[in-house]
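Going by our numbering, the first residue of the first sequence is number 1, and it counts up by one from there. Step one of this worksheet: look at the structure below.
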Amino acid sequence: MKRPIFALIDCNNFFVSCERIFRPDLEDKPVAVLSSNDGCVVARSNEVKALGIPMAAPAFKYREIFDRHSIVKFSANLELYGNMSRRITELLTTITPRIEVYSVDESFLDLSQLDIRDYTAWGDAVRESILRWTGLPVSIGIAPSKTLAKLASDRGKKQLSLGGVLSLVDNPQLDQHLSEVPVDNVWGIGWRLNPKLRAEGLNSALHLAQLRPQRAQQLMGIRGRQLVAELNGVCCFGLDLEHQKPKSIMRSRTFGEDTNQVGVVEAALASFATTAAFRLRRSNQLARRAGIFIDTNKHKSGFRRWSRETIYQVPTADTGQLISDVVALFSEVYNPRMSYHRAGVWLGDFMPADYLQTDLLGVVSPAAHDHSQARMLAVDTLNERFGKRTVHYAAEDLAQTWQPRHHIRSPRYTTNVAELPQVKIVP
DNA sequence: TCTGGGGTCCTAGGACCC
DNA sequence: TCTGGGGTCCTAGGACCC
C-alpha cells in the first residue's frame, strides 16, 4: 500500500482576491470584505492585515483606521465567491477525483495514487494553472498528513521566498519549519488550548510534535493525540469524500433592524426554512428534526435566547410543512415586549430520501409523501430554470425589513446577466 | 447608532435497562 | 445509616474550524 500524501490548496485572502479579479485597480490597495449587515471584517488583503485589523473585527470599532488609510470596503458577495470557488474545484477535479472540498477556499487532494517525482515542481505548476484560469492566487502545502499539509500551505503563503508552495514530504528541514510555527497556529489548537499548552512550556509546533501520545491525550483528548501523530507524519485524518452531505443545516441572520413584530420574524423564519429545505433536498436527504431559535442583542444587557424544536415521525424535506411548523414553534415563545435581533432555523437528524419509500411505507401515507416530493420537484425545477424565488411561499412576503443590509456589495459579475462586467473600448 | 454565519466532533453526565 | 455494576443511548455543552 502506498503511503498517504495530501496537498492542501488554499486561496489567499479569498474574498478579497475575488473582488480584485474584477477590480484590478485595487491590486495593491488595502481591501476588506465585511459580513452580513457590514458588521465584521471577514476577509483582509495583506495591506489591511499589516494595519493590525484582526479577523472578525467589528467594523465600527476600526472606522478611524478604515478612513485614515482609505481602506476599500465590500459587503460580502457570496454568490460571486461561491461561483469562483466552484471554478477552482472543477480545475482540481481534473487533476484527481480524490478531492475533499473542505471549505469555500480550501480543498485537500489525495496525491498518493499519482505519479509525482518532484512535489514542489508539481505544486508550482498547479498554482500557476489556477492563477491563469481563474485569476486567483493560492498557496499549496504537500505532506504525509492533512495537519502537516495545512501547516505547509500556511508557511508557503507567509514565507515569500517559498513562492506559495511548500512540500514537507521527506523534507530535511521539517523540524526547522515546525520550530518556527507558534503552537496556536497549528490546525486544531484554538483559544482555549493555547494557554493550557503554553503553561506546559509547549510553545511551538515542534514542542507539540515531541509530546508523548499519552500526555497529549491527557491534555487535549483523543483528537489531540491524533493531532500529535499527524505532526509526526502519521496520517490519522483521511480524506472525507462524503463531506458534501451535511449532517445538519442552519440558516440564520441578524436582522437589518431589531423588531418586535410577529410578522417580520415569521417572514424571516419562513425564508430560512425555505433555503434550508432546498439545501436538504439538494443533498437528497430528509430531516427528522427541525428547530428555531431567536435572540435579543447579545451585546446588550439582558440578552436572552429562546429555542424550540419539533421531531418528525415521518421525516420531511417539504418547505410548506417546515414553514408552518417553524412559525408554530415561534408562536410558543413570542412576546411582543421583546426586541428581537437575530433568528435562525436548523434541520438535523437526517436520513437518505430514497430510504423512506422502501422502508417506512407502513407508517407514511405513500400518496401524501409522493405529492410532497412532486410538489417540491416542481418548485425546484421552476426556480432553477427561471431564477431564484420565481415560485415561493407567501409567508416569506409578510415583511422584508428583517433582511440584512449590504449597501456596498459588488456586482454579481459571474452569475447575474444584469450585472456582467462592462468593457469600454476607447478608440 | 454600529459586533457574521455556518459547520463538525468529542465528552460528561443523566436516563434507563438488566 | 447502609443502598452494585456495567452497558447503551441521548443530550447539552465545550472546543474547534473557516
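Glycine included, every Cβ here is placed at the ideal spot set by N, Cα and C. In this text the structure is predicted, and so the values were computed from the model without any measurement.
Distance CB(residue i)-CB(residue j) smaller than 8 angstroms
i    : j    : result
C11  : D105 : yes
R305 : M376 : no
F6   : L111 : yes
S307 : F330 : no
P97  : G233 : no
A290 : E309 : yes
A270 : I323 : yes
M338 : N260 : yes
T89  : E257 : no
T134 : V165 : no
V181 : S167 : no
D175 : L206 : yes
L211 : V228 : yes
T414 : N83  : yes
I130 : W122 : no
L91  : H69  : no
T147 : W187 : yes
A432 : Y312 : The displayed coordinates of the chain run from 1 to 427. Any statement about residue 432 would go beyond what the structure contains.
I142 : V101 : no
Y340 : T296 : yes
Extent of the continuous beta strand (DSSP E) to which residue i belongs
i    : result
F237 : Segment: none, F237 is in no beta strand (DSSP E) and carries neither H nor E.
D10  : F6 to C11
G291 : Q285 to D295
I408 : First-last for I408: undefined, no H or E at that position.
E257 : S248 to T259
Terminal residues of the alpha helix (DSSP H) in which residue i lies
i    : result
D370 : P366 to F386
L276 : Looking at the sequence shown, residue 276 is not Leu but Ala. Element bounds for A276: V262 to R282.
R198 : L193 to A199
A205 : A205 to A209
Q176 : L174 to S179
Whole-angstrom C-beta distance between residue j and residue i, which should lie under 8 angstroms
i    : j    : result
S107 : I99  : 6 angstroms
R155 : I140 : Wrong, their Cβ atoms sit about 11 angstroms apart, outside the cutoff.
L8   : S153 : 5 angstroms
P421 : N37  : Going by Cβ atoms, the distance from P421 to N37 rounds to 27 angstroms, so no, they are not a contact pair.
V364 : V417 : No, V364 and V417 are not in contact; Cβ-Cβ is about 42 angstroms, not under 8 angstroms.
L80  : R412 : 6 angstroms
L440 : G263 : Residue 440 lies beyond the stretch modelled for the chain, which goes from 1 to 427, so this question has no answer here.
K247 : F350 : 7 angstroms
A395 : V327 : 7 angstroms
P213 : R225 : 5 angstroms
L231 : L208 : 6 angstroms
P58  : G39  : 6 angstroms
Contact test: residue i Cβ vs the ligand MG heavy atom, cutoff 7 angstroms
i    : result
I189 : By its list of ligands, the structure shown contains no ligand whatsoever, and the ligand MG lies outside what it can speak to.
Pick out the complete alpha helix (DSSP H) segments inside the segment 298 to 343, 4 residues or longer, and give them in chain order. If only complete runs of 4 or more residues are kept, the segment 298 to 343 shows the alpha helix (DSSP H) at 319 to 333, in order along the chain.
Runs of 4 residues minimum, wholly inside the segment 21 to 83: which ones carry the alpha helix (DSSP H) assignment? Within the segment 21 to 83, the runs of alpha helix (DSSP H) at least 4 residues long that lie entirely inside it are, in chain order, 46 to 50 and 63 to 68.
The segment 375 to 394 in contact with the segment 12 to 20 per 3-pair CB rule at 8 angstroms: Cβ pair count under 8 angstroms is below three, so no.
Is the segment 401 to 418 close to the segment 55 to 74, with three or more CB pairs under 8 angstroms? Segments in contact, yes.
Contiguous alpha helix (DSSP H) assignments of at least 4 residues, all confined to the segment 103 to 170: Counting only runs of 4+ residues, the alpha helix (DSSP H) found wholly inside the segment 103 to 170 occupies 119 to 134 and 146 to 158, in chain order.
Any contact of the segment 266 to 281 with the segment 313 to 328, i.e. 3+ C-beta pairs under 8 angstroms? Contact holds: three or more Cβ-Cβ distances are below 8 angstroms.
Kindly confirm or deny that the segment 340 to 348 and the segment 248 to 255 touch, where touching means at least three C-beta pairs closer than 8 angstroms. Contact between the segment 340 to 348 and the segment 248 to 255 is present, because at least three Cβ pairs lie under 8 angstroms.
Could you check whether the segment 42 to 52 touches the segment 20 to 33, counting it as contact only if at least three pairs of C-beta atoms, one from each stretch, sit closer than 8 angstroms? They touch, by the three-pair rule.
Taking 8 angstroms as the cut-off, does the segment 209 to 229 touch the segment 184 to 197 (at least 3 CB pairs, one atom from each stretch)? Three or more Cβ pairs closer than 8 angstroms define a contact, and the segment 184 to 197 meets that threshold against the segment 209 to 229.
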